[in-house]
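Number of protein chains: 2
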Amino acid sequence: MHLAIEQARIAEKLNEVPIGSVLVDPMGIVKQASHNMVKKNCDPTAHAEMNVIRMECQEIQNERLPGYQIISTLEPCPMCASAISQARISQIHYGTSDSKSGGVESGPKILSHSQSHHKPKITRGTEKALCSELLKKFFKSRR
Amino acid sequence: MHLAIEQARIAEKLNEVPIGSVLVDPMGIVKQASHNMVKKNCDPTAHAEMNVIRMECQEIQNERLPGYQIISTLEPCPMCASAISQARISQIHYGTSDSKSGGVESGPKILSHSQSHHKPKITRGTEKALCSELLKKFFKSRR
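Going down the list, the protein sequences come from chains A and B.
In terms of the working numbering, the first sequence is residues -15 to 127.
In terms of the working numbering, the second sequence is residues -15 to 127.
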C-alpha cells in the first residue's frame, strides 16, 4: 500500500485526482505502479487501476492476469471494477471506500452482482485514514 | 450503425468478438470507428467503445465529450457504460441488448443507477437482428 500511496502523492503534485494503484504478480512481486492520469493523458479511462492493468497485460502479452493482486488507495469505480473482473485479477485490496463513485462495495457493486463472471477476493482498510485524507485535502483545495 | 457493423465484421475476421462502435461529434460528423481489439492489443480494456473514446479524446485533447453520440452494435458492458458516463457522452445507441454481459439495461444498469453522475440518453434497436446474428455466429463457431 505504501507504493500505491506514493503514486497517489505523485498524482497530487501533477494536479490529478490523488489515487494510486500497484499490481502484484502471483509470485508476490510488484510489477506495475501508476496513478490517475486523466488530465495528463486526456483520457477519461486513464484511472490508476486501468493503467496498471494495461501496462502489465502489454508486458506479459496476455489479456488476463489470474493470480494477480491489485492494490489501490481508493475503492475502484464501476469502470475499473469491471476491468479488474474482465482481466481475471484474483484479489483487490483498497485503502478507503468511495460511497460517491465506488463500484465494489458502493453504487452498482459490480463484483458482487449476479452477472459478474469473475469475482476477485476483496479486502480493504490498510492506511484507510491516510488514503482518505489525501483525497479530502485535494478536493478541499479545489473548492 | 452500418459503420459500426462494418467494424464488427472486421473484428470477426481478426477472430476478435464482433462488436463495433462509432463516435459522432455534436455536429453529426463521424469522428472515430473501432472494434473489439482485446486479443490483438493484449488489453482487456480494448473494447470498441473504449477505443473510440480514447481515440477522440486524444485527437481533441480533452477528456470529456459532451454533445457526442456513441453507436455500438451491442449494449455496452459495465466498464464501457461507466467510461461513456465519465466521458460525458450525451447519447448512446446500440443495436442489440446483452443480458449476459451488458451494463446499460442489463446487469448492474450503470447509467440508471442513482450513483451515476451523468446519464446519457439511451436508444436502441437499429439493425438488431443483424447485430445479434454476428455475435451468435461467432460464439457458435468457437464452441
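For every residue, glycine included, the Cβ atom is placed at its ideal position computed from N, Cα and C.
Worksheet item: Does the beta-carbon of G79 of chain B have 16 or more other beta-carbons within 10 angstroms, so that it is buried, or is it exposed?
Response: Taking the first residue of the second sequence as 1, we reach residue 79 of chain B at position 95. Looking at its Cβ environment, which holds 16 or more other Cβ atoms inside 10 Å, G79 of chain B is buried.
Item to complete: Count the other CB atoms, across all protein chains shown, that sit within 10 Å of the CB of P50 of chain A; report buried if there are 16 or more and exposed otherwise.
Response: To locate residue 50 of chain A, count along the first sequence from 1; it is residue 66. Exposed.
Worksheet item: Are the beta-carbon atoms of C115 of chain A and G87 of chain A separated by less than 8 Å?
Response: Sequence index remark: in the first sequence, residue 115 of chain A carries index 131 (1-based). Sequence index remark: in the first sequence, residue 87 of chain A carries index 103 (1-based). No, these two residues do not count as a Cβ contact at 8 Å.
Worksheet item: Is Q16 of chain B closer than 8 Å to E40 of chain B when the C-beta atoms are compared?
Response: In the second sequence, residue 40 of chain B corresponds to position 56, counting from 1. In the second sequence, residue 16 of chain B corresponds to position 32, counting from 1. Closer than 8 Å, so yes.
Worksheet entry | Boundaries (first-last residue) of the beta strand (DSSP E) holding H77 of chain A | Position 93 of the first sequence holds residue 77 of chain A. Start and end: 75 to 80.
Discussion item. Looking at the strands, I want to know which residues DSSP matches up with L58 of chain A.
Written reply: Working through the first sequence from its first residue, we reach residue 58 of chain A at position 74. A:T80.
Fill in: Extent of the continuous alpha helix (DSSP H) run through R(-7) of chain B
Working through the second sequence from its first residue, we reach residue -7 of chain B at position 9. -14 to -3 is the span of the alpha helix (DSSP H), which, as asked, contains R(-7) of chain B.
Worksheet item: By how many angstroms is the C-alpha of G109 of chain A removed from the C-alpha of Q99 of chain A?
Response: What you label residue 99 of chain A is simply residue 115 of the first sequence in a count that begins at 1. What you label residue 109 of chain A is simply residue 125 of the first sequence in a count that begins at 1. Going by the C-alpha atoms only, they are around 26 Å apart.
Worksheet entry | Proximal chain B residues relative to E47 of chain A, where beta-carbon distance stays under 7 Å | Here residue 47 of chain A corresponds to residue number 63 of the first sequence, with the count starting at 1. Near E47 of chain A (Cβ distances below 7 Å), the residues of chain B are V22, K23, C26, D27, P28.
Worksheet item: Along chain B, in chain order, which residues have C-beta atoms closer than 7 Å to that of H97 of chain A?
Response: Here the question's residue 97 of chain A lines up with position 113 in the first sequence. Going along chain B in sequence order, the residues near H97 of chain A (Cβ under 7 Å) are G91, P92.
Item to complete: Determine, using beta carbons only, whether Q16 of chain B comes closer than 8 Å to chain A.
Response: Working through the second sequence from its first residue, we reach residue 16 of chain B at position 32. Not one chain A Cβ lies under 8 Å of Q16 of chain B.
Worksheet item: In chain B, which residues lie less than 9 Å from L61 of chain A when you measure between Cβ atoms?
Response: Reading the first sequence from its first residue, position 77 is the one you call residue 61 of chain A. A small fix is needed here, since residue 61 of chain A is Cys in this sequence, not Leu. By Cβ distance, chain B contributes S66, Q70.
Worksheet item: Counting contacts by CB-CB distance shorter than 8 Å, is R38 of chain A in contact with chain B?
Response: Residue numbering aside, residue 38 of chain A sits at position 54 when the first sequence is read from its first letter. Chain B contact via Cβ: present.
Item to complete: Return no unless some Cβ of chain B is closer than 8 Å to the Cβ of M34 of chain A.
Response: Within the first sequence, numbered from 1, the residue matching residue 34 of chain A stands at position 50. Answer yes: the Cβ-Cβ gap between M34 of chain A and chain B drops below 8 Å somewhere.
Worksheet item: Taking Cβ positions, are M21 of chain A and E0 of chain A nearer each other than 8 Å?
Response: Residue 21 of chain A sits at position 37 when you count from the first residue of the first sequence. Residue 0 of chain A sits at position 16 when you count from the first residue of the first sequence. For M21 of chain A and E0 of chain A, yes; Cβs fall inside 8 Å.
Item to complete: Using alpha carbons as the reference points, say which of A:E(-4), A:N46, A:P2 lies closest to S130 of chain A.
Response: There is no way to answer for residue 130 of chain A, as the model of chain A reaches only from -15 to 127.
Worksheet item: Does C41 of chain B have its Cβ less than 8 Å from a Cβ in chain A?
Response: For this step, residue 41 of chain B is matched to residue 57 along the second sequence. Yes, because at least one Cβ of chain A sits closer than 8 Å to the Cβ of C41 of chain B.
Worksheet item: Cβ atoms of H101 of chain B and S69 of chain B: under 8 Å apart, would you say?
Response: Residue numbering aside, residue 69 of chain B sits at position 85 when the second sequence is read from its first letter. Residue numbering aside, residue 101 of chain B sits at position 117 when the second sequence is read from its first letter. Yes, they are a contact pair.
Item to complete: Would you tell me roughly how many angstroms separate the C-alpha atoms of D27 of chain A and I73 of chain A, rounded to the nearest one?
Response: Against the first sequence, residue 27 of chain A aligns to sequence position 43. Against the first sequence, residue 73 of chain A aligns to sequence position 89. So the two alpha carbons sit approximately 23 Å from each other.
Worksheet item: What residues match up with Q16 of chain A in a beta bridge as DSSP calls it?
Response: As a first step, residue 16 of chain A is located in the first sequence; it is residue number 32 there, counting from the start. Bridge partners of Q16 of chain A: A:L7.
Discussion item. Classify A(-12) of chain B: buried if its beta carbon has 16 or more other beta carbons within 10 angstroms, exposed otherwise.
Written reply: Along the second sequence, read from residue 1 onward, the residue named residue -12 of chain B stands at position 4. That one is buried.
Item to complete: Alpha carbon to alpha carbon, how far is Q45 of chain A from I(-6) of chain A? Give it in angstroms, no decimals.
Response: Counting from 1 along the first sequence, the entry for residue -6 of chain A is found at position 10. Counting from 1 along the first sequence, the entry for residue 45 of chain A is found at position 61. Distance between the alpha carbons of I(-6) of chain A and Q45 of chain A is about 27 Å.
Discussion item. Which same chain residues end up closer than 7 Å to M(-15) of chain B when comparing Cβ atoms and leaving out the 5 residues on each side of it in sequence?
Written reply: For the purposes of this step, residue -15 of chain B is taken as the residue at position 1 of the second sequence. Contacts found: I55, G79, T110, E111.
Worksheet item: If we call anything under 8 Å between Cβ atoms a contact, is P92 of chain A one with I94 of chain B?
Response: Along the first sequence, read from residue 1 onward, the residue named residue 92 of chain A stands at position 108. Along the second sequence, read from residue 1 onward, the residue named residue 94 of chain B stands at position 110. Against a cut-off of 8 Å, the Cβ pair of I94 of chain B and P92 of chain A comes out as a contact.
Worksheet item: Taking the beta strand (DSSP E) that I106 of chain A falls in, what are its first and last residues?
Response: Counted from its first residue, the first sequence places residue 106 of chain A at position 122. Taken as a continuous stretch (DSSP letters only), the beta strand (DSSP E) holding I106 of chain A covers 105 to 108.
Worksheet item: Is the beta carbon of L58 of chain A sitting closer than 8 Å to the one on L(-2) of chain A?
Response: Within the first sequence, the letter at position 74 stands for residue 58 of chain A. Within the first sequence, the letter at position 14 stands for residue -2 of chain A. Going by C-beta atoms, L58 of chain A is not nearer than 8 Å to L(-2) of chain A.
Practice prompt. Just mark A32 of chain B as buried or exposed, buried being the case when its beta carbon has 16 or more other beta carbons within 10 Å.
Written response: In the second sequence, the residue the question calls residue 32 of chain B occupies position 48. By the 10 Å Cβ count, A32 of chain B comes out buried.
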